[in-house]
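The opening position of the sequence shown corresponds to residue 3 in this note's numbering, with each subsequent residue numbered one higher.
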Amino acid sequence: MTGLVSLWRLFERWQRLMWVRILASILVVAAAVGFFGSIVSIRSNWETASGEIGQSLLGDEASVYGSLLRDNGMVVINGHEYGAPIEVLQQVIAEDGTPTDVQRIVFVLLRDWIPSWSPRWLLLETGMSWMFMGTMIVIGLAVIWTGLLVPVVTLLAIGIAGTSLFWSLGWEQWVGVPVAMAVLLSTFLMAIRVLQLALAGRQGWMAVAHTVLQEVSRTRLAMGFVIALLVVLPLLPLTLDQSAPIGQVVQAYLARSLGLAFVVAALLVLLVGCSSICFDIRDRHIWHLVTKPLGRAHYLFGKWVGVVLLGGVMLSIAGSWSFAWVQYMQSSYVPRTRVEFADQAELMEEVLVARESMFPVYEELEEGDVRGRIDQILREDPEYIEFADGDVPLGLTRLLRKRVLEEFDQQRRLVETNRDKARRPWGVLHFEGLQEAKRLNLPLRLKFRLLGGYSDEHERRLVGIAVGEDRDTGVIGAFIPTVPQHVDLPATAITDDGTLDVSIVNLTHISPPTGNEWRGPVELESFALSPGPMDPFAIFWEAEEVEIVFPDATFGSNFASGLFMLFLKLMILAAIACAVATFLSFPVACLVVFSLYAAASIAPWLETTLSSYGGEPMRGEGVGAVIQSYIEGTVRTIAAGMVYALSAFGEVQPVDRLVQGRVIAWGRIGSGIVLVLSWGGGSLLVGWFILTKRQLALYSGDQ
């Protein structure tokens with residue numbers, strides 16, 4: 003052990019030598035430029051070859067080249083030979099030699115051009131290659147010139163040794179885990195050291211923040227959270243079902259990795275925020291600060307900044323790892339069957355994308371009509387006939403109002419059959435706010451999940467879709483009740499004011515054709531009114547299960563927005579923890595902040611369930627009924643107050659939107675910033691006010 007310590011100290015002295023630092027800097031820059039420069043060169047050659055192949059497959063002799071590929075799996079274009087497995091090419095080339103998917107053919111022909119060591123996702127975005135090259139150079143130079151060369155090299159050596167051991171044992175799934183852990187821990191050490199250097203200023207709050215980061219480096223509990231997160235992250239891929247479709251695998255990893263990262267970072271932020279101030283006051287370390295020219299506002303703000311930076315570092319490292327793993331999975335997945343091609347397409351179209359969603363705008367029921375329907379129920383329903391001509395209790399009015407609105411809402415999302423002569427077997431959905439989709443001129447996708455009949459997933463029925471109210475040129479296709487489906491619509495169907503009308507036609511009485519393709523044009527109106535051999539049923543859909551979606555951003559930019567939203571939530575938690583710690587002891591402060599965090603997290607769920615709890619007129623008679631009604635009213639009032647106060651925090655759920663491939667718009671980010679200014683700023687103001695009123699430096703005898 004003494005020899006290892008002596009060797010460590012020797013290496014520590016060597017890393018301070020100028021010539022060692024210069025040589026290491028040259029090696030880091032050369033490695034970064036060589037690796038990422040090669041990727042840029044490969045992408046340039048790939049683009050040249052893909053252009054040649056694309057022009058050949060789209061030109062006058064496209065069928066000739068297609069026939070050669072379909073029959074031989076090989077073709078020569080401009081002196082270069084390209085080839086791929088015949089069974090794969092036959093799936094994307096028709097029998098007459100006509101290419102049906104030129105882009106996929108190009109990818110299949112050129113996939114052997116890409117070296118196995120080259121990450122394919124970097125080849126798709128050369129701009130990211132340049133960014134990573136700059137990042138690697140900056141990180142490497144920071145490690146060298148901040149004195150972290152020895153610990154980082156030691157961690158990497160241990161990681162490489164573990165990787166070599168697993169490789170020799172044939173544990174392929176575990177090969178990358180040790181080196182990944184080493185990289186993550188090294189990155190954390192480097193990030194903390196850089197932040198400490200950046201906070202080495204003369205401002206009082208910077209010194210306080212610097213001290214917080216030093217405390218974390220020395221505290222076993224805080225470092226335990228850090229190590230636990232950075233060790234578990236590389237192990238998460240081992241918990242996934244690799245036999246599942248690639249889209250589901252990526253979604254599961256995104257949800258688990260980002261969810262785990264935020265929970266661990268939130269717990270660490272709350273613990274450090276409470277302990278740092280509570281222990282300063284308890285151990286009287288704050289005496290040395292309040293007696294110096296350091297304002298209490300600077301002290302509290304510095305504590306908050308230090309805690310926020312700690313949470314931000316953990317979240318950034320975990321997020322970067324998750325993003326890199328997703329890109330690796332997407333690039334390394336090579337489909338070979340028709341099902342795998344469909345899974346890959348679903349991954350790119352449903353997960354690794356940022357889609358804007360627009361839900362239908364339904365007709366609203368006027369207040370006068372609501373009151374009229376309530377009066378009609380009171381007159382016609384025997385259960386409430388006694389209230390028809392007298393005073394109606396407030397609870398009963400609320401109950402009937404809820405019933406009327408629910409019935410009206412269900413009727414808006416219902417398409418009757420041709421049996422009901424009073425109604426038409428079609429419904430029109432009205433969408434607004436599609437100006438951006440019209441400007442982008444990208445295909446729209448109508449996503450829906452229809453219900454009806456016995457909602458049997460093994461049943462196939464026919465449905466018609468038409469743009470606008472012109473049902474003479476619609477399309478028909480089979481739908482399966484309870485199963486999500488979609489149909490693509492042209493962006494030209496959007497009007498100049500950004501609105502779009504879509505008709506859903508009930509054709510459940512007609513036998514559906516084989517296959518899943520949409521066919522048309524069909525005169526849907528006459529088709530719907532004609533007789534059919536099958537027993538029809540009404541079509542119904544849930545409120546948020548019919549929508550128009552279109553791509554509005556890239557997955558990378560959307561992922562960065564999601565991480566920023568999580569960082570905003572950490573800022574709020576840090577502010578609350580620092581504020582509570584100014585007047586409570588450490589155990590009580592932890593109890594308060596953890597309770598607030600749990601309550602805010604479940605507030606959206608509580609809001610959903612609150613509508614079905616209580617609010618009904620008192621059932622029965624006697625003291626028991628009165629007590630039950632009183633308890634329900636009290637619980638409902640308390641829950642409603644908690645939802646009103648805390649739901650804004652719980653509604654910020656960027657991970658769910660990332661997993662579903664939905665765009666995180668600037669409006670949501672702006673709402674998060676407002677939440678930080680209101681909740682976070684308000685909490686810090688309260689904490690500062692309490693600090694100014696507290697007597698912190700009390701002296702009693704010899705203590």
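Note that CB positions come from ideal geometry on N, CA and C, so glycine has one too.
Measure the C-alpha to C-alpha separation of residue 701 and residue 692 and round it to an integer number of angstroms. With a pLDDT of 48 at residue 701, under the threshold of 50, the predicted position of this residue should be treated as unreliable, and no value is reported.
Three-way DSSP call (helix, strand, coil) for residue 521 in this model: strand
Compute the Euclidean distance between the alpha carbons of residue 107 and residue 354, then round it to the nearest angstrom. 21 Å
Would you list, in sequence order, the uninterrupted beta strand (DSSP E) runs of no fewer than 3 residues that lie entirely inside the region 297-373? 356-360
Residue 505, enclosing beta strand (DSSP E) - first and last residue: 502-508
Going straight from the alpha carbon of residue 603 to that of residue 263, what length do you get? 15 Å
Coil, strand or helix - residue 2 by DSSP: No answer is possible for residue 2: the residues shown for the chain start at 3 and end at 705.
Once DSSP output is grouped into helix, strand and coil, what is the label at residue 105? helix
Can you tell me the Cβ-Cβ gap for residue 66 and residue 358, rounded? I've got them flagged as a contact below 8 Å. The pair is not a contact, with the Cβ atoms about 42 Å apart (cut-off 8 Å).
Quick one: what does DSSP say residue 71 is sitting in, helix, strand or coil? Helix at residue 71.
With distance defined between alpha-carbon atoms, name the residue in 573, 475, 486 nearest to residue 449. Among 573, 475, 486, the Cα nearest to that of residue 449 belongs to 486.
Which residues in the same chain as residue 279 place their Cβ atom closer than 7 Å to its Cβ, once the five residues preceding and following it in sequence are excluded? 305, 580, 583, 584
Where residue 212 sits in the DSSP three-state scheme: Correct three-state label for residue 212: helix.
In the structure shown, what three-state DSSP assignment does residue 41 receive? helix
Out of 669, 195, 84, which has the shortest C-alpha to C-alpha gap to residue 149? 195
Taking the Cβ atom as the reference point for each residue, do residue 509 and residue 466 lie within a distance shorter than 7 Å? yes
If residue 42 sits next to residue 170, beta carbons under 8 Å apart, how far is it from one beta carbon to the other, in whole angstroms? Wrong, their Cβ atoms sit about 34 Å apart, outside the cutoff.
Under the rule that 16 or more other beta-carbon atoms within 10 Å means buried, what is residue 290, buried or exposed? exposed
Whole-angstrom distance between residue 26 and residue 138, CA atom to CA atom: 13 Å
Under three-state DSSP, which class holds residue 286? coil
With 16 other Cβ atoms within 10 Å as the buried cut-off, status of residue 443: exposed
Return the Cβ separation of residue 218 and residue 312 in integer angstroms, given the expectation that the two are a contact with Cβ distance under 8 Å. 6 Å
Environment of residue 387 [buried if 16+ CB atoms lie within 10 Å]: Residue 387 is exposed by the Cβ-count criterion.
Specify the secondary structure class of residue 669 as computed by DSSP and reduced to three states. Helix, per DSSP.
With DSSP as the reference, label residue 449 as helix, strand or coil. strand
Tell me which residues share the same chain as residue 389 and place their Cβ nearer than 6 Å to its Cβ, disregarding the 5 neighbours each side in the sequence. Within the same chain, residue 389 has close Cβ partners 380.
Can you check DSSP and say which residues form a bridge with residue 78? 83
Residues bridged to residue 239 by DSSP? None; residue 239 has no bridge partner.
Taking Cβ to Cβ, would you say residue 201 is nearer than 7 Å to residue 208? yes
Give the range of the alpha helix (DSSP H) segment to which residue 706 is assigned. The shown model of the chain, from 3 to 705, leaves out residue 706, and the question about it has no answer.
Leaving out the 5 sequence neighbours to the left and right, which residues in its chain are closer than 6 Å to residue 447 when beta-carbon positions are compared? Closer than 6 Å at the Cβ level, and outside the excluded window around residue 447, lie 488, 490, 551.
In terms of DSSP beta bridges, what is residue 487 paired with? 450
Counting only the same chain and skipping the five closest in sequence on each side, list residues whose C-beta sits under 6 Å from that of residue 375. Cβ within range, chain order: 406.
Where residue 555 sits in the DSSP three-state scheme: strand
Indicate the three-state DSSP secondary structure (helix, strand or coil) for residue 620 in the structure shown. Reliability of the predicted coordinates at residue 620 is poor, the pLDDT of 49 falling under 50, and the value obtained from them is presented with this limitation in mind. Looking at residue 620 - three-state DSSP - the assignment turns out to be coil, as it is neither helix nor strand.
How many Å lie between residue 620 and residue 378 at the Cα? Model confidence at residue 620 stands at a pLDDT of 49, short of 50, so the residue's coordinates are unreliable and nothing is read from them.
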